[in-house]
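Position 89 (the sequence shown) corresponds to 88 in numbering that gives the first Met the number 0; numbering is contiguous.
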Amino acid sequence: MRKIVKNIKKYFKEYCNSTSIHGFRYFAEERTYFENFLLIFRLWWLIVFIISLGVCVLSIYMVYRKWDDSPVIVSFANTGTPIYKIPFPAITICPETKSARNKFNFTDLLLKKINDKNLTDSESVQFDYMSLICDEYLNESSTFTVSEQFYDFVDEVKPMFNVSNCIYRGKKLTCDKIFKPIFTEEGVCYTFNMLDRSEIFKENVVHYRDYQQFLRYSTNWSIEHGYAEEAGLLPYPRRALLAGAKNGFTFELMVFEEDLDYVCKADALQGYKVLVHLPTTFPTPSQEYFRVPLDQKVIAAIQPSMITTSESVRAYNQERRRCYFQTERNLQYFRIYNTVNCDIECLANYTLDWCGCVNFFMPRDNTTDICGGASLECTKEAERYMQTKNLKRKINNRNKSKRKSKSLEDCDCLPLCTDLVYDAETSQTDWDWKQWYTALGFEKLIPKTHHSSLTIYFKADDFITSERNEFYGPTDFLANFGGLVGLFTGVSVLSVLEILYFASVRLLCNKRLYGKWTGVNE
Numbered sequence: 000m001r002k003i004v005k006n007i008k009k010y011f012k013e014y015c016n017s018t019s020i021h022g023f024r025y026f027a028e029e030r031t032y033f034e035n036f037l038l039i040f041r042l043w044w045l046i047v048f049i050i051s052l053g054v055c056v057l058s059i060y061m062v063y064r065k066w067d068d069s070p071v072i073v074s075f076a077n078t079g080t081p082i083y084k085i086p087f088p089a090i091t092i093c094p095e096t097k098s099a100r101n102k103f104n105f106t107d108l109l110l111k112k113i114n115d116k117n118l119t120d121s122e123s124v125q126f127d128y129m130s131l132i133c134d135e136y137l138n139e140s141s142t143f144t145v146s147e148q149f150y151d152f153v154d155e156v157k158p159m160f161n162v163s164n165c166i167y168r169g170k171k172l173t174c175d176k177i178f179k180p181i182f183t184e185e186g187v188c189y190t191f192n193m194l195d196r197s198e199i200f201k202e203n204v205v206h207y208r209d210y211q212q213f214l215r216y217s218t219n220w221s222i223e224h225g226y227a228e229e230a231g232l233l234p235y236p237r238r239a240l241l242a243g244a245k246n247g248f249t250f251e252l253m254v255f256e257e258d259l260d261y262v263c264k265a266d267a268l269q270g271y272k273v274l275v276h277l278p279t280t281f282p283t284p285s286q287e288y289f290r291v292p293l294d295q296k297v298i299a300a301i302q303p304s305m306i307t308t309s310e311s312v313r314a315y316n317q318e319r320r321r322c323y324f325q326t327e328r329n330l331q332y333f334r335i336y337n338t339v340n341c342d343i344e345c346l347a348n349y350t351l352d353w354c355g356c357v358n359f360f361m362p363r364d365n366t367t368d369i370c371g372g373a374s375l376e377c378t379k380e381a382e383r384y385m386q387t388k389n390l391k392r393k394i395n396n397r398n399k400s401k402r403k404s405k406s407l408e409d410c411d412c413l414p415l416c417t418d419l420v421y422d423a424e425t426s427q428t429d430w431d432w433k434q435w436y437t438a439l440g441f442e443k444l445i446p447k448t449h450h451s452s453l454t455i456y457f458k459a460d461d462f463i464t465s466e467r468n469e470f471y472g473p474t475d476f477l478a479n480f481g482g483l484v485g486l487f488t489g490v491s492v493l494s495v496l497e498i499l500y501f502a503s504v505r506l507l508c509n510k511r512l513y514g515k516w517t518g519v520n521e
């Protein structure tokens with residue numbers, strides 16, 4: 000045993016005298032009797048080596064933890080992105096006026112109920128229908144679900160959508176052909192440049208008549224890959240080409256004064272809610288919009304905000320990169336995944352689970368009931384519960400495996416890895432359109448109507464995108480690891496190979512040449 004220990008000491012001394020690792024030669028160096036007796040010299044270098052090794056291991060661990068916690072970093076692209084690579088935004092317009100007064104007068108029926116006057120059966124049903132769109136005043140409905148006739152009624156009494164003088168990039172378009180009706184939480188709205196319903200929704204979703212039916216398809220565009228080379232200048236959805244107001248989209252809106260209803264909505268504001276959104280996104284007027292008041296000219300300058308993701312990030316799972324690629328998440332009702340569509344579907348599932356029905360604007364199949372007035376409080380409670388639960392999950396960072404119910408599972412609506420939003424900066428001014436109409440000889444239209452105008456355009460020809468990239472790629476991690484090890488211990492790849500050489504080939508060759516572990520003379 001002593002002989003083995005003696006051989007190991009000699010061989011370690013030979014290694015220390017030959018190795019390229021910093022400081023190791025001092026472990027085997029012969030010093031004065033005083034230094035050797037007190038072991039100060041060797042002990043000093045041993046302490047220094049252990050400290051350096053410990054700091055090195057700690058630094059490597061910190062780098063690994065930082066990479067493990069957030070392997071993706073978001074940075075700005077090196078060059079600007081031209082706007083012709085993205086679509087012109089979809090524009091959804093929701094009139095504040097929900098019904099033509101000569102067809103349905105919500106205010107009159109509400110006053111009757113307040114004054115305890117009896118409504119006919121037909122009036123009661125119609126009031127319950129419109130109460131699903133207007134703000135709640137007297138929620139005395141006993142109807143938990145409504146039939147498909149709700150859509151027929153709303154479609155029948157909706158005011159005429161008077162849009163005119165639609166000019167896109169200096170070319171006049173037929174307004175009736177480019178704006179299509181769509182059901183949202185605001186009732187009947189009208190949308191431009193949105194994808195056809197067959198591209199957004201799956202086949203199991205029920206639609207009403209020809210609503211959101213453009214009969215044009217996005218064969219040459221996707222959010223991840225943009226427009227194809229063969230798309231040309233006139234694809235669908237329409238692409239943004241040039242900046243400036245004259246290259247934007249301008250149109251005028253008109254409403255009859257007799258149709259204005261200041262009671263349906265509690266804020267009593269008249270005019271229009273306008274949303275600018277991605278053509279693949281279902282519009283949600285309650286989330287984000289700007290107003291176009293009556294007798295005003297409004298200008299909206301669009302600044303796109305886009306984020307892309309490098310292919311190297313795709314190797315990480317969704318939880319670590321915190322986003323989904325387009326084909327990674329399958330939805331029940333939507334063909335196209337994005338955060339808004341996912342949130343709407345999740346809310347529909349929560350509402351169905353809690354109330355046994357869904358709101359009229361939510362996606363559904365033909366076996367799902369539509370919630371009536373008596374279910375409104377239930378639908379609001381379901382939405383509050385969903386928002387609270389998902390917020391708690393984000394704060395507490397709960398694991399997916401802790402889900403208890405499939406019907407009430409976490410929404411998990413991560414953002415798209417490649418996504419685009421449109422930020423609108425608006426300005427407005429009074430529009431003395433009466434003088435204009437008088438000059439054109441249309442005096443008869445003046446007392447009975449209100450007019451508004453909206454112009455939407457891009458601020459600049461280019462914009463800066465953000466990009467998700469690897470925080471540490473294999474090369475970066477290797478460089479950091481090697482740099483830290485080299486800085487604190489002086490170890491390199493050659494040093495590791497040197498250790499392997501001394502532990503194998505050199506030891507065997509010494510035994511064969513010298514008959515002992517070391518070839519150094521004693």
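Ideal placement from N, C-alpha and C gives every residue a C-beta, glycine not left out. Predicted, not measured: the structure shown is a model, and the values here were computed from it.
Asked, Found
"Cβ-based burial, residue 159 [other Cβ within 10 Å; buried from 16]", "exposed"
"Chain-order list of residues whose beta-carbon lies under 6 Å from that of residue 120 (same chain, five-residue window excluded)", "none"
"Cα-Cα separation between residue 355 and residue 271, rounded to whole angstroms", "33 Å"
"Residues of its chain near residue 87, where Cβ-Cβ distance is below 6 Å and the 5 sequence neighbours each way are ignored", "192, 237 and 239"
"First through last residue of the beta strand (DSSP E) which encompasses residue 197", "It is not in any beta strand (DSSP E) - residue 197 instead sits in the alpha helix (DSSP H) that spans 196-199."
"Residue 390, enclosing alpha helix (DSSP H) - first and last residue", "375-395"
"Own chain residues within Cβ distance below 7 Å of residue 14, not counting five before or after", "501"
"Boundaries (first-last residue) of the alpha helix (DSSP H) holding residue 124", "120-130"
"Entirely enclosed beta strand (DSSP E) segments - the segment 426-498, minimum 3 residues", "448-457 and 465-469"
"Residue 46, buried or exposed, once every other Cβ within 10 Å from all chains shown has been counted against 16", "exposed"
"Alpha carbon of residue 140 to alpha carbon of residue 468, nearest angstrom", "54 Å"
"Sequence-distant residues of its chain with Cβ nearer than 7 Å to residue 404 (five each side left out)", "At residue 404, the pLDDT of 42 sits below 50, so the modelled position is not reliable; the number obtained from the coordinates is stated separately. Closer than 7 Å at Cβ, skipping near neighbours: no residue."
"Helix, strand or coil at residue 405 according to DSSP, with G and I counted as helix", "The predicted model places residue 405 with a pLDDT of 41, which falls under 50 and marks its position as unreliable; any figure quoted below should be read in that light. Correct three-state label for residue 405: coil."
"Proximity of residue 350 and residue 381 at Cβ, strictly below 8 Å", "yes"
"Residue from 348, 366 and 321 with nearest C-alpha to residue 393", "321"
"Rounded separation between residue 331 and residue 196 - CA only", "15 Å"
"Euclidean distance between Cα positions of residue 319 and residue 312", "10 Å"
"Paired residues, beta bridge with residue 238 - DSSP", "86"
"Local Cβ density within 10 Å of residue 398, reported as buried at 16 or more and exposed below that", "Any reading at residue 398 needs caution, since the residue's pLDDT is 48, under 50, leaving its predicted position unreliable; the model's value is listed next. Exposed, because fewer than 16 other Cβ atoms sit within 10 Å of the Cβ of residue 398."
"Endpoints, the alpha helix (DSSP H) within which residue 112 is located", "105-113"
"Straight-line Cα distance separating residue 280 from residue 414", "13 Å"
"The segment 98-115 / the segment 147-158 touching (three or more Cβ pairs under 8 Å)", "yes"
"C-beta atoms of residue 336 and residue 328 nearer than 8 Å", "yes"
"For residue 80, the three-state DSSP class (helix, strand or coil)", "strand"
"At least three beta-carbon pairs within less than 8 Å, the segment 196-211 to the segment 162-178", "no"
"Sufficient close CB pairs (3 or more, under 8 Å) joining the segment 340-350 to the segment 446-459", "no"
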